[in-house]
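Have a look at the structure below before the remarks.
Protein chains: 2
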Amino acid sequence: MNNIKENLINKCVLAKKAGKLLAVSTGEARNNALLAMADSLEKNEKLILEANAKDIEKAKENGIKEAMVDRLMLNSQRIKGISDAMRKVAALPDPLGSGEVWTRPNGLMIRKVKVPLGNIAIIYESRPNVTADAVCLCIKSGNTVFLRGGKEAFFSNTAIISALREGLEKSGFSGDLIQTPDDTSRETATALMTLSGYVDLLIPRGGKSLIRSVVDNATVPVIETGAGNCHVYVEKTADLEMAARIVKNAKMQRPSVCNAAENLLVDREIANDFLPVIKKVLEGTELRGCEETVGIIDVASATEEDFFTEYDDYIMSLKVVDGYKEAVEHINVHSTGHSEAIITRNTEAADYFTANIDSAAVYVNASTRFTDGEEFGFGAEIGISTQRLHARGPMGLSEMTTVKYIVVGNGQTRG
Amino acid sequence: MNNIKENLINKCVLAKKAGKLLAVSTGEARNNALLAMADSLEKNEKLILEANAKDIEKAKENGIKEAMVDRLMLNSQRIKGISDAMRKVAALPDPLGSGEVWTRPNGLMIRKVKVPLGNIAIIYESRPNVTADAVCLCIKSGNTVFLRGGKEAFFSNTAIISALREGLEKSGFSGDLIQTPDDTSRETATALMTLSGYVDLLIPRGGKSLIRSVVDNATVPVIETGAGNCHVYVEKTADLEMAARIVKNAKMQRPSVCNAAENLLVDREIANDFLPVIKKVLEGTELRGCEETVGIIDVASATEEDFFTEYDDYIMSLKVVDGYKEAVEHINVHSTGHSEAIITRNTEAADYFTANIDSAAVYVNASTRFTDGEEFGFGAEIGISTQRLHARGPMGLSEMTTVKYIVVGNGQTRG
């Protein structure tokens, strides 16, 4: 075993040791920890902003794009935003404990209780708000957390983690509940992905290449998040005015996020009417159409590859289809299984679509942009799972737990 | 891509194609499929028994142990047992559909529905009853199934699968819902473990070496099952007569199964009284004790390795501990996280034990042998998960599903 791995394992052992008390703590104690961490963030504002300034300076030196620099930047208001978000999570219901209870004919009483998953590792990119966000969701759900942020935010993350640890200690927990590697090298990230037995779940939060690297290299359990090649399908009976509003929202309201739409399917019967309208509505978005689309409106040609592409940008591919069955077939082949919408007034089409589309979230007459823990009413989310096992769709606090069966008897043996 | 993998992928594609109808079928249609498969098994009894005779003959030629030959053997009564078990599963509640419904302040109505996981692969060893058992649970939960049984049962499994397919076709489904490789080579098994995108879940059912091989080689999602280094801890306030009965049951009623106990911990205060009793009660079981145990009763010495060992045999390791905190610490270090029991009359000890033991099932005053889908009231089980993600403990039909969110609006867009 090399030194990098040994060093990470030592940190995980510290976390696991500290985690024992956290796992059996009351919801109230965990909420107090969140409130103390929020206070500590605000109290340490000056140190955090100084550290952040170093990251910003380095980013500018390295010629990082303006939009990225903005994602990295903290100020008083943003820190207040982060600590207020932590206080909001503290107010959410406790995801641990409770659960069904039943008694078997032999008198055994079985209780299914929710318990923490254990040690959750998060590998993420530049945004320093993810640091506090991930810590807060993990601690609330009784899990320890191993944070590996991007190198661009190294100083900011170090300062934030230090403030959060201080808060934990103030509330009576050990600062060891939060761990982070000593550097942001690729080797460290790769080693973290293979700590079987020390990392109970790894969640990558970031772009496609990060997620691909985790899925390819990890031997610890992973939840894949955020791949979103989402579709909006406008069925021939649709209210076209509503359809245009929804398509515009799904594509243009925030094109860089995973629940933004990348592909528009339109029924042949309405293509001549609807495509010219949508071209106008999506002004500012580059359109790439199938052969039939190109015959109706003046847009570039889409390749088969376009239909598989998550642009995360002001680009959309368009395809004319022959009714809802073809739409469903096209989507199930090309989608990443995140979110898809049908716009229709035909109940039969809506029912067929929702039953047969194989994605985490399927919409009728609404924007795909709603796939989100807050919007679903979960209060918060650690990511949006596009896999089938354990969690699918927005992952809230409840998805950060596992179960334990507590069985109470009075001497029962098996016959 | 080599030929083995290509051949398996072709079979998975057939399964996925046939699976589309299954995934949206009614519970009644799936139950009818189970009943038709049960009938078909009985109708094909002669062919199945002829095939089984070939396997038995080969096993005897190869000098396979008597106990293994018995596990392999079918007869009229055993086939009736298998088909009756299928009818029982048909009568269980439908695990698909239903789920919570809620409405958001913006009017979006969200429905969380249970849907099939997809294509479930099972790699298992010699017992041919697993073939029908796995098919029946997968089809009931809307999943297609890829069966890779042991080479010892090749002819039996081929005949059973053929009968089950015939039943599926009779009930209006495609026989393609059940797939199996053309051979039982190791290469085929290994290829099956790496069919990302074609196998949605792989469940190994069998001994330690099979499970280890799957965990080491699989790139598809896996649920680890059946590793059971289970403990019984007799606390100083225990009813010693009850404790002796439970220890005997947990160790000796069926030592080869994963929920049998392998380790006995005894409080120091009662060790002088209890150990001589337990030596008599466990007659026929080889005992291996810690230093203190060896000072009290005449048994062999246990090594540290013994405390990590799942014997699956008439062997048990014994350790004297200094109260429930030490017992919990010892168990959490040495256990595989399957099932552990405390025998006690002290509520404080019981509460500490159930809260702090980190295993799928934790018992107070009952035998570990109850960790089982039937015994828990789930009606059936596909295995007992010792991992934390997706399912933990007995996996019933409900654990063979994932979720989909269906969201119905009237034009909502995100602001």
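Protein chains in written order, with our numbering: chain G, 29 to 443; chain Z, 29 to 443.
Quick reminder that beta carbons are idealized off the backbone N, C-alpha and C, glycines included.
Three-state secondary structure (DSSP) at residue i?
i: E398 (chain G); result: For the sequence presented, residue 398 (chain G) should be read as Phe rather than Glu. In the structure shown, F398 (chain G) sits in a helix (DSSP, three-state: H, G or I).
i: P304 (chain G); result: helix
i: G235 (chain Z); result: coil
i: Q207 (chain G); result: strand
i: T218 (chain G); result: helix
i: T313 (chain G); result: coil
i: N147 (chain Z); result: strand
i: N291 (chain Z); result: strand
i: A388 (chain G); result: coil
i: M101 (chain Z); result: coil
i: I189 (chain G); result: helix
i: N60 (chain G); result: helix
i: V250 (chain Z); result: strand
i: V327 (chain G); result: coil
i: T337 (chain Z); result: coil
i: V242 (chain G); result: helix
i: G424 (chain Z); result: coil
i: Y226 (chain G); result: coil
i: N393 (chain G); result: strand
i: G125 (chain G); result: strand
Report yes if the CB atom of residue i is closer than 8 Å to the CB atom of residue j, and no otherwise.
i: K142 (chain G); j: T429 (chain G); result: yes
i: R132 (chain Z); j: G405 (chain G); result: yes
i: I150 (chain Z); j: V117 (chain Z); result: no
i: F202 (chain Z); j: A355 (chain Z); result: Per the sequence shown, residue 202 (chain Z) should be read as Ser rather than Phe. No, the pair does not count as a contact, with Cβ atoms beyond the cut-off.
i: R115 (chain G); j: G127 (chain G); result: no
i: L36 (chain Z); j: P209 (chain Z); result: yes
i: D228 (chain Z); j: I148 (chain Z); result: yes
i: A191 (chain G); j: N80 (chain G); result: no
i: G443 (chain G); j: G135 (chain G); result: no
i: K39 (chain G); j: Q207 (chain G); result: yes
i: N231 (chain G); j: T253 (chain G); result: Note on identity: in this sequence residue 231 (chain G) is Ile, with Asn being the wrong assignment. Closer than 8 Å, so yes.
i: L293 (chain Z); j: I306 (chain Z); result: no
i: L205 (chain G); j: I167 (chain G); result: yes
i: E320 (chain G); j: A289 (chain G); result: no
i: G170 (chain G); j: R58 (chain G); result: yes
i: G365 (chain Z); j: T441 (chain Z); result: no
i: G218 (chain G); j: V248 (chain G); result: Inspection of the sequence shows that residue 218 (chain G) is occupied by Thr rather than by Gly. Not in contact: T218 (chain G) and V248 (chain G) (Cβ atoms no closer than 8 Å).
I need the boundaries of the beta strand (DSSP E) containing residue i, first residue and last residue.
i: Y433 (chain Z); result: T429 to Q440
i: K369 (chain Z); result: Here residue 369 (chain Z) is Ala; the residue named in the question, Lys, does not match the sequence. Per DSSP, A369 (chain Z) belongs to the beta strand (DSSP E) from S367 to I371.
i: L346 (chain Z); result: I343 to V349
i: S413 (chain G); result: G411 to S413
i: V129 (chain Z); result: V129 to T131
i: V262 (chain Z); result: C258 to V262
Report the option in the options whose CA atom is closest to the CA atom of residue i.
i: R344 (chain Z); options: Z:Y261, Z:D98, Z:K82 and Z:I32; result: Just to set this straight, residue 344 (chain Z) is Met in the shown sequence, not Arg. Nearest C-alpha to M344 (chain Z): Z:Y261.
i: E215 (chain G); options: G:A246, G:A187 and G:T441; result: G:A246
i: V361 (chain G); options: Z:E153, Z:G225, Z:P156 and Z:L303; result: Z:G225
i: P123 (chain G); options: G:G437, G:G424 and G:V435; result: G:G424
i: K264 (chain G); options: G:V227, G:A255 and G:L303; result: G:L303
i: L315 (chain Z); options: Z:I138, Z:C40, Z:A330 and Z:T396; result: Z:A330
i: G195 (chain Z); options: Z:I32, Z:A408 and Z:L62; result: Z:L62
i: I84 (chain G); options: G:M101, G:G203, G:S213 and G:L75; result: G:M101
i: H259 (chain G); options: G:A87, G:V243, G:V158 and G:K347; result: G:K347
i: G104 (chain Z); options: Z:K74, Z:G317 and Z:M96; result: Checking the displayed sequence, the identity of residue 104 (chain Z) turns out to be Ser instead of Gly. Comparing Cα-Cα distances from S104 (chain Z) to each of Z:K74, Z:G317 and Z:M96, the minimum goes to Z:K74.
i: E376 (chain Z); options: Z:S387, Z:K353, Z:N438 and Z:H358; result: Z:K353
i: N31 (chain G); options: G:L220, G:R58, G:R155 and G:V294; result: G:L220
i: S387 (chain Z); options: G:L145, G:P121, G:D98 and G:T54; result: G:L145
i: L77 (chain Z); options: Z:I410, Z:A187 and Z:D244; result: Z:A187
i: M96 (chain G); options: G:N60, G:P156 and G:A66; result: G:P156
May I ask which residues mark the beginning and end of the alpha helix (DSSP H) holding residue i?
i: H358 (chain G); result: Y352 to H362
i: G47 (chain G); result: N31 to A51
i: L175 (chain Z); result: Premise fails: L175 (chain Z) lies in the beta strand (DSSP E), T172 to R176, not in any alpha helix (DSSP H).
i: C164 (chain Z); result: N157 to K168
i: R273 (chain G); result: L268 to M280
i: A408 (chain Z); result: Taken as a continuous stretch (DSSP letters only), A408 (chain Z) belongs to no alpha helix (DSSP H), as it is neither H nor E.
With hydrogens ignored, establish whether the beta-carbon of residue i is closer than 7 Å to any heavy atom of the ligand MG.
i: T337 (chain G); result: The ligand MG is not part of this structure, which contains no ligands at all.
- Message: I want to know whether the segment 354-369 of chain Z touches the segment 275-287 of chain Z - three or more CB-CB distances under 8 Å.
- Response: yes
- Task: Examine the Cβ distances between the segment 108-127 of chain Z and the segment 394-401 of chain Z and report whether three or more of them are shorter than 8 Å.
- Result: no
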